[in-house]
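Residue numbers (the working numbering): 1060 to 1423. All C-beta atoms in this analysis are idealised placements derived from N, C-alpha and C, irrespective of residue type, glycine included. Here the structure comes first, spelled out in structure tokens, and everything after it is commentary.
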Amino acid sequence: MLRLGIVGLPNVGKSTLFNALTAAKAEAANYPFCTVEPNVGMVEVPDPRLDKLAEIVLPKRTVPAVVQFVDIAGLVKGASQGEGLGNKFLQNIRETDAIVHVIRCFADDDVTHVMGQPDPARDKEIIELELALSDLATVEKRLDKVKRAAKAADKEALAELPALEAANAALSEGKPLWRAGLSADFLEKLGGMQLLTAKPVLYAANVTDEELSGEEGTYLKALREAVAGEHAEVVPFSAKIESELSELPADERAEFLASLGIESAGLDRLIRAGYSLLGLDTYFTAGEQEVRAWTIHKGDTAPKAAAVIHTDFEKGFIRAETASFADFVSLGGWKGAKEKGAVRSEGKEYVVQDGDVLLFRFNV
Ligand code: GDP
């Protein structure tokens, strides 16, 4: 499952987005291993392929993949100020796969901006400094420990020390690690600390509805300029419309969007950008009980894909009956696909492809 950590200045639309996520909530009972906490929003990943599969298999239930949005804004602030945070909170932050930085790109005199007027480049820097300070606190603690171990000629500590010192130098200047030019080797050595500024980032620009349908405004343009050269994606969305949408029944949403002349309020684009940023793919299981989408990393082998369902599936993996999405649909499901020889029996080395329909055979 993809976990996105949300950061941003106050009054940029984070809570509005969260409330929308909570209102549109995914059926929690289907995801027993997911955290349900006030700062965690869970949203279903829209995927028309899942509906196609359900039309064919007619399962008891259809379960989309979910993305978790974790509000880490307040938590980060506390962390950099050295306030004691609960372990569970810290765990939530650390477990996020990427950072979504929400930037206010709308003007509204009724909504106070903490710095007066929005200024995407400056606003972005303020949050980056906050994140860098939070990471600095973590790195300093670790550095202390590793320095002592290195003095005692501990080999691992000696290997880790230069990476920590480089990170410490960058963070002390308020520079996030994603712009510190650290080598892949250094970044790998820092990996265990799950530093926030070492995670991939994408920018969610909270824009006006006019901008979603028409020309981009000055704030959004300013943000694009500030981000140029970072290889990071800017995803325009509207927290306000997202929140209005979440109050409508599902079958009225398309019409509402059409009335505004837009295709989407942007949450789905944000999710897609997250998948692409992290190199994620989807595979499906399709049985009479349940048709379901599962999230994996590009390049994952069949046993790794099985582990997403249950770790026992990976341990006891024998093989995966595999059909491509296109074959499964055009041949009318497992039976038809088998008859036409379109079901392959794949082994441990098989690299699962996006859209594969899989049935695992395993020992318990
Ligand atoms: P947070 O502090 O980042 O969580 O920001 P909130 O979600 O609480 O939003 C702050 C204020 O901005 C609220 O009054 C929202 O109704 C308003 N707001 C949020 N998104 C938008 C938007 O897209 N357009 C406008 N005009 N107001 C918004």
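For the segment 1253–1266 against the segment 1285–1301, do three or more pairs of beta-carbon atoms, one drawn from each stretch, fall closer than 8 Å, so that the two count as touching?
The answer is yes - the segment 1285–1301 touches the segment 1253–1266, with three or more Cβ pairs under 8 Å.
Taking the alpha-carbon of residue 1341 as reference, which of 1178, 1361 and 1075 has the nearest alpha-carbon?
Checked all of 1178, 1361 and 1075; the closest Cα to residue 1341 is 1361.
Considering Cα atoms alone, identify which of 1363, 1336 and 1352 is closest to residue 1109.
Ranking 1363, 1336 and 1352 by Cα distance to residue 1109 puts 1352 first.
Would the C-beta of residue 1072 count as close to the ligand GDP, meaning under 8 Å from any of its heavy atoms?
Yes, the ligand GDP has a heavy atom inside 8 Å of this Cβ.
Who are residue 1152's beta bridge partners in DSSP?
Bridge partners of residue 1152: none, in fact.
Round the Cβ separation of residue 1347 and residue 1116 to the nearest angstrom and send it over; I've been treating them as touching at under 8 Å.
Sure, about 7 Å apart at Cβ, within 8 Å.
Compare the Cα-Cα distances from residue 1077 to each of 1383, 1194, 1161 and 1107 and report the closest residue.
Selected option, being the one with the closest Cα: 1161.
Evaluate the contact criterion for the segment 1208–1215 versus the segment 1313–1326: three or more CB pairs, one atom per stretch, below 8 Å.
With the cut-off at 8 Å, the segment 1208–1215 and the segment 1313–1326 do not touch.
Go through its chain and collect everything with a Cβ distance to residue 1382's Cβ below 7 Å, but skip five positions before and after it.
Taken in chain order, the residues that qualify are 1396, 1401, 1402 and 1416.
Comparing the CB of residue 1193 with every heavy atom of the ligand GDP, is any distance shorter than 8 Å?
Incorrect: residue 1193 has no Cβ contact closer than 8 Å to the ligand GDP.
For residue 1390, which residues in the same chain have their Cβ closer than 7 Å to its Cβ, ignoring the five residues on either side in sequence?
The residues are 1396, 1399 and 1401.
To the nearest angstrom, how far is it from the Cα of residue 1245 to the Cα of residue 1066?
Roughly 25 Å between the two C-alpha positions.
Whose C-alpha, out of 1215, 1200 and 1214, is nearest the C-alpha of residue 1226?
Ranking the options by Cα distance to residue 1226, first place goes to 1200.
By how many angstroms is the C-alpha of residue 1374 removed from the C-alpha of residue 1286?
When rounded, the distance between both Cα atoms is 43 Å.
Starting from residue 1226 and walking both ways along the alpha helix (DSSP H), at which residues does that stretch end?
Unbroken alpha helix (DSSP H) run through residue 1226: 1214–1231.
Roughly how many whole angstroms lie between the Cα atoms of residue 1388 and residue 1176?
Computed Cα separation, rounded: 52 Å.
Does at least one heavy atom of the ligand GDP sit under 8 Å from the Cβ of residue 1354?
Answer for residue 1354: no, Cβ out of range of the ligand GDP.
Is it buried or exposed for residue 1114, if we count other Cβ within 10 angstroms and need 16 for buried?
Label assigned to residue 1114: exposed.
Could you check if residue 1182 belongs to the surroundings of the ligand GDP, using beta carbon to heavy atom distance under 8 Å?
For the ligand GDP, not one heavy atom lies less than 8 Å from the Cβ of residue 1182.
Can you tell me whether residue 1116 is helix, strand or coil according to DSSP?
Helix, per DSSP.
Name the one or two DSSP bridge partners that residue 1356 has.
For residue 1356, which the question treats as bridged, DSSP gives the partners 1339.
Quick test of the definition: if touching needs 3 or more C-beta pairs under 8 Å, does the segment 1302–1310 touch the segment 1273–1287?
Short answer: they don't touch.
If I follow the unbroken beta strand (DSSP E) through residue 1062, where does it start and stop?
Segment 1061–1066, the beta strand (DSSP E) holding residue 1062.
Could you give the residue range of the beta strand (DSSP E) that holds residue 1099?
Where residue 1099 is concerned, the enclosing beta strand (DSSP E) stretches over 1099–1103.
Is residue 1354 buried or exposed, if buried means 16 or more other CB atoms sit within 10 Å of its CB?
Label assigned to residue 1354: buried.
One question on the structure: do residue 1258 and residue 1370 come within less than 9 Å of each other, judged by their Cβ atoms?
Taking 9 Å as the Cβ cut-off, residue 1258 and residue 1370 do not qualify as a contacting pair.
What would DSSP say about residue 1424, mapped onto helix, strand or coil?
The displayed coordinates of the chain run from 1060 to 1423. Any statement about residue 1424 would go beyond what the structure contains.
Suppose you measure from the CA of residue 1118 to the CA of residue 1089; what does that come to, to the nearest Å?
Those two C-alpha atoms are separated by around 14 Å.
With a cut-off of 8 Å, do at least 3 Cβ pairs link the segment 1119–1128 to the segment 1232–1249?
Because the criterion of three Cβ pairs below 8 Å is not met, the segment 1119–1128 and the segment 1232–1249 do not touch.
With respect to 8 Å, is the separation between the Cβ of residue 1178 and the closest non-hydrogen atom of the ligand GDP below this value?
Result no, Cβ not under 8 Å from the ligand GDP.
Exposed or buried, residue 1407, counting other C-beta atoms within 10 Å across all chains shown (16 or more means buried)?
Answer is exposed; the Cβ neighbour count stays below 16.
From residue 1404 to residue 1343, what distance separates their C-alpha atoms?
Approximately 16 Å between the Cα atoms of the pair.
Based on the DSSP secondary-structure assignment, which residues constitute the bridge partners of residue 1381?
The partner list for residue 1381 (beta bridge, DSSP) reads 1403 and 1417.
Cβ of residue 1068 within 9 Å of Cβ of residue 1186?
Yes, they are a contact pair.
When every heavy atom of the ligand GDP is checked, does at least one fall within less than 8 Å of the C-beta of residue 1362?
Answer for residue 1362: no, Cβ out of range of the ligand GDP.
Is it the case that the CB of residue 1170 approaches a heavy atom of the ligand GDP more closely than 8 Å?
Answer for residue 1170: yes, Cβ within range of the ligand GDP.
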